[in-house]
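Here is the structure we will look at.
Number of protein chains: 2
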Amino acid sequence: MDSRRSVKSLEPFFRPASVAVIGASRVPGKAGYNIIENLQGMGYRGKIYPVNPHASKILKLAAYPDVKSLPETPDLAIIVLPPAQVLKSLGECAAKGVKAVVIEAVGFGEMDASGAKAEARIKKIAERAGMRVMGPNSVGTINPYTSFDSSLGRLKKVFLPRDKIRRGTAGFIGQTGLFTGVYLPLINSEIGISKIACLGNKCDVDESDLLEYCGADPPTKVIAMYLESVTDGPRFLKLARRIIRKKPIIVLKSAVTSSGAKASETHTGAIAGEDRVYDAAFRQAGIIRVGSFEELWDVTRAFVCTTPPRGSRVAIVNLAGSSCVTAADACVKYGLQIARLSPATREKIKTVYPEWWQVRSPIDVWVSIEASGFEKTYVTITRAVMEDKNVDAVIAVMGANNWLDGKSVPGLFTDIRREFPLKPLFIVSMPGDWSVYLKMQRGFQNIGIPCYTRDEDAIASLAALRRYRQYLNSAD
Amino acid sequence: MDSRRSVKSLEPFFRPASVAVIGASRVPGKAGYNIIENLQGMGYRGKIYPVNPHASKILKLAAYPDVKSLPETPDLAIIVLPPAQVLKSLGECAAKGVKAVVIEAVGFGEMDASGAKAEARIKKIAERAGMRVMGPNSVGTINPYTSFDSSLGRLKKVFLPRDKIRRGTAGFIGQTGLFTGVYLPLINSEIGISKIACLGNKCDVDESDLLEYCGADPPTKVIAMYLESVTDGPRFLKLARRIIRKKPIIVLKSAVTSSGAKASETHTGAIAGEDRVYDAAFRQAGIIRVGSFEELWDVTRAFVCTTPPRGSRVAIVNLAGSSCVTAADACVKYGLQIARLSPATREKIKTVYPEWWQVRSPIDVWVSIEASGFEKTYVTITRAVMEDKNVDAVIAVMGANNWLDGKSVPGLFTDIRREFPLKPLFIVSMPGDWSVYLKMQRGFQNIGIPCYTRDEDAIASLAALRRYRQYLNSAD
Chain A
487 MDSRRSVKSL EPFFRPASVA VIGASRVPGK AGYNIIENLQ GMGYRGKIYP VNPHASKILK
547 LAAYPDVKSL PETPDLAIIV LPPAQVLKSL GECAAKGVKA VVIEAVGFGE MDASGAKAEA
607 RIKKIAERAG MRVMGPNSVG TINPYTSFDS SLGRLKKVFL PRDKIRRGTA GFIGQTGLFT
667 GVYLPLINSE IGISKIACLG NKCDVDESDL LEYCGADPPT KVIAMYLESV TDGPRFLKLA
727 RRIIRKKPII VLKSAVTSSG AKASETHTGA IAGEDRVYDA AFRQAGIIRV GSFEELWDVT
787 RAFVCTTPPR GSRVAIVNLA GSSCVTAADA CVKYGLQIAR LSPATREKIK TVYPEWWQVR
847 SPIDVWVSIE ASGFEKTYVT ITRAVMEDKN VDAVIAVMGA NNWLDGKSVP GLFTDIRREF
907 PLKPLFIVSM PGDWSVYLKM QRGFQNIGIP CYTRDEDAIA SLAALRRYRQ YLNSAD
Chain P
487 MDSRRSVKSL EPFFRPASVA VIGASRVPGK AGYNIIENLQ GMGYRGKIYP VNPHASKILK
547 LAAYPDVKSL PETPDLAIIV LPPAQVLKSL GECAAKGVKA VVIEAVGFGE MDASGAKAEA
607 RIKKIAERAG MRVMGPNSVG TINPYTSFDS SLGRLKKVFL PRDKIRRGTA GFIGQTGLFT
667 GVYLPLINSE IGISKIACLG NKCDVDESDL LEYCGADPPT KVIAMYLESV TDGPRFLKLA
727 RRIIRKKPII VLKSAVTSSG AKASETHTGA IAGEDRVYDA AFRQAGIIRV GSFEELWDVT
787 RAFVCTTPPR GSRVAIVNLA GSSCVTAADA CVKYGLQIAR LSPATREKIK TVYPEWWQVR
847 SPIDVWVSIE ASGFEKTYVT ITRAVMEDKN VDAVIAVMGA NNWLDGKSVP GLFTDIRREF
907 PLKPLFIVSM PGDWSVYLKM QRGFQNIGIP CYTRDEDAIA SLAALRRYRQ YLNSAD
């Protein structure tokens with residue numbers, strides 16, 4: 487293995503004491519402005535050195551004409567120049583002794599053959615100088631624990647004010663800028679962040695490096711990844727097998743390879759074959775593979791919020807008969823079983839129904855709501871199934887409509903959640919009214935109950951928790 | 487075929503001149519109160535006869551002690567009594583000469599064997615009297631074109647004020663109350679309603695009857711169904727093959743049979759086999775099968791909003807490289823192709839990028855947004871691909887974040903939409919901010935552009951439009 491590769495060599499990407507922004511700009515909206523604005527907005531306490539030959543001050547900071555004029559060697563350099571200027575600048579970083587560089591400039595391997603050639607040169611410069619390079623075409627990193635943010639989007643008052651970034655337990659590693667851009671507010675509010683790193687073209691730092699880093703990072707408890715390729719399969723799988731004993735790893739692997747979406751025009755057959763290899767390898771390593779960004783958020787949120795179930799028997803408490811059926815379908819599809827309720831549980835449930843009702847599993851609550859009201863129905867039945875030893879996990883389905891106060895509903899479940907810490911409880915809240923749903927979702931999540939709009943999303947996430955537990959058990 | 491069965495025999499369920507509510511109640515929240523409240527809220531102009539032996543007035547209407555005391559034979563009777571009283575009441579309807587009855591009472595075949603026996607008797611009474619019966623366990627019907635609503639949920643100020651129900655072109659037929667309850671506001675605002683009918687246990691009126699009715703109903707242009715079983719397969723398929731020439735039929739068929747979710751506990755194998763039979767039969771008839779309620783809304787909305795594409799070549803205009811890849815994956819999965827752009831199109835697109843950029847398909851717009859801004863980027867590129875003869879449909883992916891004004895974005899696409907009426911355009915707007923997304927969604931829909939949160943949802947819907955067109959072509 488390359489001797490430069492170590493967890494320690496990646497520290498400057500997440501906790502640098504000083505950072506140079508090469509290509510710093512006075513123009514709001516330019517990447518070289520945004521990065522400094524973001525760092526200041528986060529409250530980053532290290533030194534920031536704007537590098538720009540045509541400016542003396544940028545965002546109230548003294549600017550320097552080039553890297554060699556900097557008063558010290560920065561822990562990290564961030565390059566946001568036009569592609570033609572990147573190699574020269576990287577050489578200057580090497581000369582100055584900079585050990586870590588994020589190249590956020592674009593126009594390299596993702597673009598054309600000459601870009602790919604330039605990348606090979608970047609790699610050579612990095613190796614010769616003993617530098618770690620993330621990118622090119624990286625959108626940067628975020629670490630709320632050190633108030634560090636090297637990402638380039640114009641984010642203050644745009645995507646998310648930087649002081650609002652929430653310290654959480656999920657590390658996001660991806661070949662995409664979506665984690666620090668469009669999806670950031672959603673990741674932030676729904677999941678919370680331990681680290682975000684956008685790999686870009688993986689000229690040097692790759693997904694294995696960052697997986698190892700997050701594996702060793704104390705705040706990170708769950709690792710979520712978006713990958714278009716895996717640079718070193720054996721290393722990645724070896725690391726994954728080790729890390730997974732402590733932290734679940736959830737991967738969205740798109741089916742196309744390094745040439746990006748273009749491959750899907752012409753090479754579908756080959757890709758489908760390769761994809762099956764990924765599938766098998768991931769499964770053997772215990773990696774949880776998901777099929778879309780939305781499933782990546784769903785499953786990650788479930789791991790962050792709650793605990794894997796001890797078995798596969800699911801009790802479903804459901805608003806409508808048809809939804810009992812579709813939820814049961816989804817359980818079967820994802821390898822879970824509908825729980826058979828104990829006689830004692832049935833007796834407890836009967837108390838909220840009219841005399842003539844027959845209790846079944848899944849439990850259809852419509853008639854009970856009419857007879858006993860929403861609160862008594864859901865609290866009584868949910869508690870009964872949480873208490874049942876024949877039940878390993880509970881999914882309670884309700885609607886999110888005007889007639890429910892989205893803010894107060896989660897509170898009905900606080901005690902139940904607290905009393906059965908080892909049994910996961912999921913909520914599905916079908917949105918008639920989105921504002922009601924969003925309030926419910928936040929409230930439930932705050933007490934450790936993941937909440938979804940679609941039964942299948944909840945069930946797929948629960949099944950992922952279950953598979954993780956099964957993997958750990960089988961690997962014991 | 488049963489001689490009672492005719493499209494005309496179903497008219498009273500949707501356009502009765504008079505209706506008796508048997509089991510009418512003075513207690514707000516009870517089904518027998520809600521039905522009258524809903525009818526009044528809709529502005530229904532026919533006669534309403536509350537039937538209740540213990541009341542003289544209900545909701546300002548004169549009440550009658552029983553059916554035989556009614557001053558006329560109502561076109562429709564709605565029964566909302568406890569299960570034990572239903573048979574007697576049905577007999578009284580038969581004696582009075584009522585030709586159509588909705589039994590909204592529950593506690594029959596969906597409950598237990600004795601309930602199933604009672605259903606057999608309902609069927610016999612109906613046949614002998616030449617009555618059509620919808621239900622039991624039906625949640626009623628809605629027809630905004632006659633301001634008629636027999637549904638039992640407490641809907642005024644709860645799910646949706648009845649005068650807000652929007653006349654649309656989609657007919658919903660289902661073995662579920664979700665269409666008139668939880669999901670009603672969503673169906674109403676996103677799709678619009680021509681008819682809604684909740685079949686219940688299908689003692690007499692079944693999905694084929696209602697399919698035939700909607701097939702002959704002028705306002706209905708698209709038919710959406712949720713089915714747990716098909717009563718008469720050959721009849722259903724024969725009708726579908728005929729109706730599909732004029733109106734697409736979209737079906738969510740859950741995998742379990744009449745015994746509901748319980749079957750999934752024990753009979754998974756058998757069901758999976760039967761499910762494949764449904765799959766093949768539906769495909770041969772040109773029915774579009776979907777896998778979830780959400781997909782039912784997504785696909786129905788696409789048919790209501792826009793037009794089927796002439797071919798399978800899709801141009802994707804996309805915010806992020808990773809999202810280009812996942813969208814291309816989804817196109818391949820759903821049998822669509824990524825369009826190869828003509829040289830002229832590439833030239834038009836180049837104008838919004840820096841000199842060094844290479845145009846590819848899918849089209850990654852991040853660098854263009856930085857160089858030319860959001861509006862110029864999306865308008866120029868979307869127009870270019872809409873003009874391209876190598877392109878049959880366009881999917882434009884963007885984010886829904888604070889920095890976009892959700893209300894004004896759709897307006898940028900109005901002209902493009904108008905100039906190319908035969909080429910479907912879909913928007914995917916990935917929500918960082920839900921309130922921005924919801925504004926965009928409504929705005930886009932109003933101009934004939936369906937808008938989704940997930941690329942896969944848009945692509946699955948587009949693929950459904952495409953399959954419909956292919957079916958019509960092959961059947962010509």
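Heads up: the protein sequence lines correspond to chains A and P, in order.
Counting in this note's numbering, the first sequence runs from 487 upward without gaps.
Counting in this note's numbering, the second sequence runs from 487 upward without gaps.
Ideal Cβ placement from N, Cα and C applies to all residues, glycine included.
Identify, in the order they occur along the chain, each residue of the same chain with its Cβ nearer than 6 Å to the Cβ of residue i, setting aside the five sequence neighbours on each side.
| i | result |
| --- | --- |
| Val530 of chain A | At residue 530 of chain A the sequence reads Tyr, which differs from the Val that was named. Ser633, Phe634. |
| Arg787 of chain P | Glu676, Ile677, Pro936 |
| Val592 of chain P | Asn623 |
| Ser504 of chain A | Gly532, Lys533, Pro560, Asp561 |
| Arg727 of chain A | Ala771 |
| Ser947 of chain A | Asp784, Val785, Ala788 |
| Val914 of chain P | Val883, Tyr938, Asp941, Ala944 |
Return no unless some Cβ of chain B is closer than 8 Å to the Cβ of residue i.
| i | result |
| --- | --- |
| Gln844 of chain A | In the structure shown, chain B cannot be found, because the protein chains are A and P. |
Going by DSSP, name the residue or residues bridged to residue i.
| i | result |
| --- | --- |
| Gln823 of chain A | A:Arg799 |
| Asn538 of chain A | None, per the DSSP bridge assignment. |
| Ser915 of chain P | P:Met884 |
| Lys707 of chain A | None, per the DSSP bridge assignment. |
| Ile729 of chain A | For Ile729 of chain A, which the question treats as bridged, DSSP gives no partner whatsoever. |
| Asp850 of chain A | A:Asn804 |
| Lys543 of chain P | P:Ala548 |
Buried or exposed: where does residue i fall if 16 or more other Cβ atoms within 10 Å of its Cβ makes it buried?
| i | result |
| --- | --- |
| Ala961 of chain P | exposed |
| Arg846 of chain P | buried |
| Lys494 of chain P | exposed |
| Asp901 of chain P | exposed |
| Lys893 of chain A | exposed |
| Asn538 of chain A | buried |
Just tell me which of the options has its CA closest to the CA of residue i.
| i | options | result |
| --- | --- | --- |
| Val625 of chain A | P:Ser808, P:Leu908, P:Val914, P:Glu942 | P:Ser808 |
| Tyr820 of chain P | P:Thr559, P:Arg953, P:Arg491 | P:Arg953 |
| Met620 of chain A | A:Pro498, A:Phe665, A:Tyr550 | A:Pro498 |
| Val895 of chain A | A:Glu873, A:Asn876, A:Pro907, A:Asn932 | A:Asn932 |
| Lys732 of chain P | P:Pro536, P:Leu638, P:Ile682, P:Gly701 | P:Gly701 |
| Ile564 of chain A | A:Ala506, A:Ile682, A:Lys574, A:Ala606 | A:Ala506 |
| Gly663 of chain P | P:Glu942, P:Ile824, P:Ser637 | P:Ser637 |
| Ser694 of chain P | P:Ala710, P:Ser680, P:Glu760, P:Gly719 | P:Gly719 |
| Ala814 of chain P | P:Leu890, P:Ile849, P:Glu714 | P:Ile849 |
| Gly667 of chain A | P:Gln927, P:Lys516, P:Trp852, P:Ser740 | P:Trp852 |
| Ser798 of chain A | A:Ser575, A:Ser858, A:Ile735, A:Cys817 | A:Cys817 |
| Gly518 of chain A | A:Asp552, A:Val566, A:Gln526, A:Val691 | A:Val566 |
| Cys791 of chain P | P:Met617, P:Gly654, P:Pro840 | P:Gly654 |
| Lys909 of chain A | A:Thr863, A:Thr793, A:Ser555, A:Gln927 | A:Thr793 |
Excluding the 5 residues preceding and the 5 following residue i in the sequence, name in chain order all residues of the same chain whose CB lies nearer than 7 Å to its CB.
| i | result |
| --- | --- |
| His753 of chain P | For His753 of chain P, the pLDDT reaches just 43, beneath the cut-off of 50, and the residue's location in the model is therefore unreliable, although a value from the coordinates is still provided. Within the same chain, His753 of chain P has no close Cβ partners at all. |
| Arg903 of chain A | Leu911, Ile933, Gly934, Ile935 |
Which chain A residues sit within Cβ distance under 7 Å of residue i?
| i | result |
| --- | --- |
| Val592 of chain P | Val853 |
| Leu556 of chain P | Near Leu556 of chain P there are no residues of chain A at all, since even the closest Cβ is about 27 Å away, more than 7 Å. |
What residues from chain P crowd round residue i, counting only those whose CB sits closer than 7 Å?
| i | result |
| --- | --- |
| Ser637 of chain A | Those within 7 Å of Ser637 of chain A in chain P number zero; the least Cβ separation is about 13 Å. |
| Gln571 of chain A | The contacting residues do not exist; Gln571 of chain A stays about 12 Å from chain P at best. |
| Glu596 of chain A | Gly807 |
| Thr863 of chain A | Near Thr863 of chain A there are no residues of chain P at all, since even the closest Cβ is about 14 Å away, more than 7 Å. |
Show which residues of chain P have a CB atom less than 9 Å away from the CB atom of residue i.
| i | result |
| --- | --- |
| Arg910 of chain A | As written in the sequence, residue 910 of chain A is Pro, which differs from the Arg given in the question. Within 9 Å Cβ-Cβ: nothing; Pro910 of chain A doesn't reach chain P, min ~20 Å. |
| Arg940 of chain A | Ser778, Phe779, Glu780 |
Below 8 Å on C-beta distance, what does residue i contact in chain A?
| i | result |
| --- | --- |
| Trp920 of chain P | Trp920, Leu924 |
| Pro917 of chain P | Leu672 |
So, for residue i: in the same chain, excluding its five sequence neighbours on each side, which residues have a beta-carbon less than 8 Å away from its beta-carbon?
| i | result |
| --- | --- |
| Pro502 of chain P | Gly532, Pro560, Asp561, Leu562, Ala586, Phe634 |
| Thr837 of chain A | Thr866 |
| Ala747 of chain P | In this predicted model, Ala747 of chain P has a pLDDT of only 43, less than 50, meaning its place in the structure is not dependable; the value taken from the coordinates is given anyway. Taken in chain order, the list of residues that qualify is empty. |
Run through chain A and tell me which residues come within less than 9 Å of residue i, C-beta to C-beta.
| i | result |
| --- | --- |
| Asp690 of chain P | None at all; the shortest Cβ gap to chain A is about 19 Å. |
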